[in-house]
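*Asks:*
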Amino acid sequence: MPVDDIVSCEDLVKVFRSVTGETHALRGIGLELEPGALTVVAGPSGSGKSSLLTLLGARDRPSAGRLTVLGSDVAVASTRELRRLRRKRIGFVPQRSSGAIFPHLRACDQLGQVASWRGASHDHLDEALAAVGLSDRADHRPSALSGGEQQRLAVAIALVGTPSLIVADEPTAELDHANADRVMEALLAAAAAGSAVVISSHDDRVTHRADRLLRLRHGVVSSETAGRRATAAVIDSTGRLQLPPDVLDLFPSRRVVVETVGDEVRLRRPEEPT
Amino acid sequence: MSALEISGVSHGYGAGAGRVEVLHDLSLRVEPGELVALAGPSGSGKTTVCHLAAGFESPEHGSVTIDGRPTAGVADWAVVAVVPQQHGLLVGLSVEDNVCLPAYRAGVDPAEAFARLAEALDLTSFTRRGIAETSLGEQQRTAVARALVLGSRVAVLDEPTGHQDDDHVAQVVTALEDAARGGTAMLVSTHDERVWEVADRVIRLDEGRILA
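Protein sequences appear in the order of chains W and P.
Residues 1 to 274 in this note's numbering are what the first sequence spells out, letter by letter.
Residues 1 to 212 in this note's numbering are what the second sequence spells out, letter by letter.
1. Using CA atoms only, rank isn't needed, just tell me which of P:45, P:18, P:134, P:35 is closest to residue 208 of chain P.
2. In terms of alpha-carbon separation, which member of W:263, W:250, W:261, W:262 lies closest to residue 269 of chain W?
3. Quickly, what does DSSP pair residue 73 of chain W with across the bridge? List them, please.
4. Which residues, in order along the region 13–24 of chain W, keep a beta-carbon less than 7 Å from a beta-carbon of chain P?
5. Any idea if residue 119 of chain P is buried or exposed, counting beta-carbon neighbours within 10 angstroms, 16 or more meaning buried?
6. Taking 8 Å as the CB-CB limit, is residue 20 of chain P close to chain W?
7. Are the C-beta atoms of residue 47 of chain P and some chain W residue less than 8 Å apart?
8. Suppose contacts are defined by Cβ-Cβ distances below 8 Å. Is residue 186 of chain W in contact with residue 132 of chain W by that definition?
9. What number of angstroms, rounded off, separates the C-alpha of residue 283 of chain W from the C-alpha of residue 96 of chain W?
10. Alpha carbon to alpha carbon, how far is residue 42 of chain P from residue 116 of chain W? Give it in angstroms, no decimals.
11. Would a check of beta-carbon distances place residue 95 of chain W closer than 8 Å to chain P?
12. To the nearest angstrom, how far is the alpha carbon of residue 18 of chain W from that of residue 193 of chain W?
13. Consult DSSP for residue 1 of chain P and reduce its assignment to one of helix, strand or coil.
14. Quick one: using the 10 Å Cβ neighbour count with 16 as the cut-off for buried, is residue 211 of chain P buried or exposed?
15. Hey, could you find the ends of the beta strand (DSSP E) residue 66 of chain P is sitting in?
16. Using a Cβ-Cβ cut-off of 8 Å, state whether residue 173 of chain W counts as contacting chain P.
17. Using CA atoms only, rank isn't needed, just tell me which of W:91, W:137, W:218 is closest to residue 161 of chain W.
18. The ligand ZN and residue 5 of chain W: does the residue's C-beta get closer than 7 Å to at least one heavy atom of that ligand?
19. If you follow the alpha helix (DSSP H) that residue 114 of chain P is in, where does it begin and where does it stop?
20. Since residue 159 of chain P meets chain W, which of its residues come closer than 7 Å, beta carbon to beta carbon?
21. Can you tell me whether residue 163 of chain P is helix, strand or coil according to DSSP?
22. Can you tell me where the alpha helix (DSSP H) holding residue 95 of chain P begins and where it ends?
23. Let me see if you follow: with CB-CB separation under 8 Å, is residue 102 of chain P close to chain W or not?
24. Is the beta carbon of residue 28 of chain W less than 8 Å from the beta carbon of residue 220 of chain W?
25. Give me the Cα-Cα distance between residue 228 of chain W and residue 149 of chain P, rounded to the nearest whole angstrom.
26. Just the Cα atoms here: how many angstroms apart are residue 101 of chain P and residue 152 of chain P?
27. Taking DSSP as the reference, what is the three-state secondary structure of residue 268 of chain W?
28. Select from the region 198–224 of chain W all residues with a C-beta closer than 9 Å to any C-beta belonging to chain P, and list them in chain order.
29. Quick check on residue 42 of chain P: does DSSP put it in helix, strand or coil?
30. What's the call for residue 158 of chain P, buried or exposed, on a 16-neighbour Cβ count within 10 Å?
31. Take every Cβ of the region 139–147 of chain P, pair it with every Cβ of the region 30–42 of chain P, and state whether three or more of those distances are shorter than 8 Å.
32. Could you check how far apart the C-beta atoms of residue 198 of chain W and residue 167 of chain W are, in whole angstroms? I think they sit under 8 Å.
33. Mark residue 186 of chain P as exposed unless 16 or more other C-beta atoms lie within 10 angstroms of its C-beta, in which case mark it buried.
34. Pair every Cβ in the region 207–216 of chain W with every Cβ in the region 53–72 of chain W, then say whether three or more of these pairs are closer than 8 Å.
35. Whose CA, out of W:264, W:243, W:76, lies closest to the CA of residue 254 of chain W?
36. In angstroms, rounded to a whole number, what distance separates the CA positions of residue 133 of chain P and residue 90 of chain P?
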């Protein structure tokens, strides 16, 4: 693993077993997350986004494959080691934001508690609340906050002290436009300050601001877009290549000429019959 | 008479310094067969309106009634069905049993309604799964199906599309329209413009008041 990778995984598999059978949530994911970039994981409902983010946040262990988070091998690390990692170095916003907030603490005290765990300064906590539009809620407990306000508080908690890794599962799902924009600005600022940020989203307002966009489908990465320039895609075991929709639109007839030029393969439209 | 009538309601939470006033003299009505969207920024009081309409809470001032009866005393899914923000599904039951539970309790055969809703909301591939084995988006559609299974007099849905991708948003929106067409009075709290587009009326809240 290159030293500057925050997260690295290979052939990552997650299977959930229950009395009704097995659910293969992830079927072999490989990716690296680097500091200073915001990665968005998109994909339809049930495609494995939350399972992947839970693993990347070191909150669950893989069924198979290799996963290294901030230098710890998540499959074999002790529970104590993973807990320390999560508390000190990973900001996590779960899909249900109520899971990340302490019900009995005022908003400002929640940030103070997390800053202490992360060894971060207590000087800028007011600004952290302001960044997600909660300045006037500092003295309120979560029970007095709406669902959207709780979600923004969970984001503010995750960002305290700019941890090395920030994982947020649909952090804008319950937010109106203005607040979704605020949350995205805060996450992008954390990436600019050096955190590796990975979030899941269905929201076009969010996905178009990513440094990198991964699309999941049935537990595998179906396409990857980096910086909206080069597009990476996956070739499956039978040799089929799935193109992202915007590239697919270049081939309205669904016919393609494949040219091999040196070590490059080019796809172009066939000549139209005259 | 309106199916759902909220009249002169003021409501808040907490006491002393932590007191938050959420709604200020709010009135609205939803007629049978009408789809009303409740819009407004985070913290504007949408969920509180849903809680009151669903009868989860009684208003501190004013009244909330369904066909003239206070909703807080109703507790009958055939009268008022709900999708709470946290969905409120029973984790020990399968997707199918969650959807059908209100029908079982009412002594109604849910087979036809379940088949129709499972198809309309794309639940067919996981109806036998436990709730814990489904994604949050799948849980949200399950909760929508449960709210529509009885064709209730009133349905109150709090952000029913927040966890859906585009294709599934369209399915949920169509299901909401169909339910309204079937005569249910629908109150839907949502940020989603795709719901606003099909709504008969969009009521905008700001700091607990309806914007004119």
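Where is the CB? At the ideal position from N, CA and C, for every residue including glycine.
*Replies:* On the basis of the supplied data:
1. The residue given as residue 208 of chain P occupies position 208 in the second sequence. Checking every option, the nearest Cα to that of residue 208 of chain P belongs to P:45.
2. Here residue 269 of chain W refers to the residue found at position 269 of the first sequence. Comparing Cα-Cα distances from residue 269 of chain W to each of W:263, W:250, W:261, W:262, the minimum goes to W:250.
3. Here the question's residue 73 of chain W lines up with position 73 in the first sequence. Beta-bridge pairing links residue 73 of chain W to W:68.
4. 16, 18, 20, 23
5. As a first step, residue 119 of chain P is located in the second sequence; it is residue number 119 there, counting from the start. Answer is exposed; the Cβ neighbour count stays below 16.
6. Against the second sequence, residue 20 of chain P aligns to sequence position 20. Judged by the 8 Å Cβ criterion, residue 20 of chain P is in contact with chain W.
7. Indexing the second sequence from 1 puts residue 47 of chain P at position 47. Among the CB atoms of chain W, one or more fall inside 8 Å of the CB of residue 47 of chain P.
8. Position 186 of the first sequence, counting from 1, holds the residue named residue 186 of chain W. Position 132 of the first sequence, counting from 1, holds the residue named residue 132 of chain W. When the beta-carbon positions are compared, residue 186 of chain W and residue 132 of chain W come within less than 8 Å of each other.
9. Outside the displayed range of chain W (1 to 274) lies residue 283 of chain W, so it cannot be described from this structure.
10. Looking up residue 116 of chain W in the first sequence gives position 116. Looking up residue 42 of chain P in the second sequence gives position 42. C-alpha of residue 116 of chain W to C-alpha of residue 42 of chain P: approximately 29 Å in a straight line.
11. In the first sequence, residue 95 of chain W corresponds to position 95, counting from 1. Chain P contact via Cβ: present.
12. Along the first sequence, one-based indexing puts residue 18 of chain W at 18. Along the first sequence, one-based indexing puts residue 193 of chain W at 193. Distance between the alpha carbons of residue 18 of chain W and residue 193 of chain W is about 42 Å.
13. To locate residue 1 of chain P, count along the second sequence from 1; it is residue 1. DSSP places residue 1 of chain P in coil when its eight states are reduced to three.
14. Here residue 211 of chain P is taken as the residue at index 211 of the second sequence, counted from 1. Residue 211 of chain P comes out exposed.
15. Within the second sequence, residue 66 of chain P is the residue found at index 66, counting from 1. Taken as a continuous stretch (DSSP letters only), the beta strand (DSSP E) holding residue 66 of chain P covers 61–66.
16. As a position in the first sequence, residue 173 of chain W is number 173, starting the count at 1. By this cut-off, residue 173 of chain W is an interface position.
17. For the purposes of this step, residue 161 of chain W is identified with residue 161 of the first sequence, where counting begins at 1. That would be W:91, whose Cα lies nearest to the Cα of residue 161 of chain W.
18. Because no ligand of any kind appears in the structure shown, any question about the ligand ZN cannot be addressed here.
19. Start at 1 with the first residue of the second sequence, and residue 114 of chain P comes out as number 114. 111–120 is the extent of the alpha helix (DSSP H) around residue 114 of chain P.
20. The residue labelled residue 159 of chain P in the question sits at position 159 within the second sequence. Under the 7 Å cutoff, chain W gives 174.
21. Against the second sequence, residue 163 of chain P aligns to sequence position 163. Reduced to three states, the DSSP call for residue 163 of chain P is coil.
22. Position 95 of the second sequence, counted from the first residue, corresponds to residue 95 of chain P. Judged by DSSP secondary structure, residue 95 of chain P falls within the alpha helix (DSSP H) whose first and last residues are 95–106.
23. Start at 1 with the first residue of the second sequence, and residue 102 of chain P comes out as number 102. Not closer than 8 Å to any Cβ of chain W, the Cβ of residue 102 of chain P fails to qualify, so no.
24. The sequence position of residue 28 of chain W within the first sequence is 28, counting from 1. The sequence position of residue 220 of chain W within the first sequence is 220, counting from 1. The answer is yes: Cβ separation under 8 Å.
25. The residue given as residue 228 of chain W occupies position 228 in the first sequence. The residue given as residue 149 of chain P occupies position 149 in the second sequence. Legend: pLDDT at residue 228 of chain W = 45, less than 50; position of this residue unreliable, value from coordinates given subsequently. Going from the Cα of residue 228 of chain W to the Cα of residue 149 of chain P covers about 43 Å.
26. In the second sequence, residue 101 of chain P corresponds to position 101, counting from 1. In the second sequence, residue 152 of chain P corresponds to position 152, counting from 1. Distance between the alpha carbons of residue 101 of chain P and residue 152 of chain P: 14 Å.
27. Residue numbering aside, residue 268 of chain W sits at position 268 when the first sequence is read from its first letter. Note: residue 268 of chain W maps to strand in three-state DSSP.
28. 202, 204
29. Counted from its first residue, the second sequence places residue 42 of chain P at position 42. Residue 42 of chain P falls in the coil class under three-state DSSP.
30. As a working mapping, residue 158 of chain P is identified with position 158 in the second sequence. Classification of residue 158 of chain P: buried, given that the 10 Å Cβ count is 16 or more.
31. no
32. Counting from one through the first sequence, the residue named residue 198 of chain W turns up at place 198. Counting from one through the first sequence, the residue named residue 167 of chain W turns up at place 167. Beta-carbon to beta-carbon, residue 198 of chain W and residue 167 of chain W are separated by about 5 Å, close enough to satisfy the 8 Å threshold.
33. Reading the second sequence from its first residue, position 186 is the one you call residue 186 of chain P. Answer is buried; the Cβ neighbour count reaches 16.
34. no
35. As a working mapping, residue 254 of chain W is identified with position 254 in the first sequence. When only C-alpha atoms are compared, the closest one is W:243.
36. Start at 1 with the first residue of the second sequence, and residue 133 of chain P comes out as number 133. Start at 1 with the first residue of the second sequence, and residue 90 of chain P comes out as number 90. CA-to-CA, the gap between residue 133 of chain P and residue 90 of chain P works out to about 12 Å.
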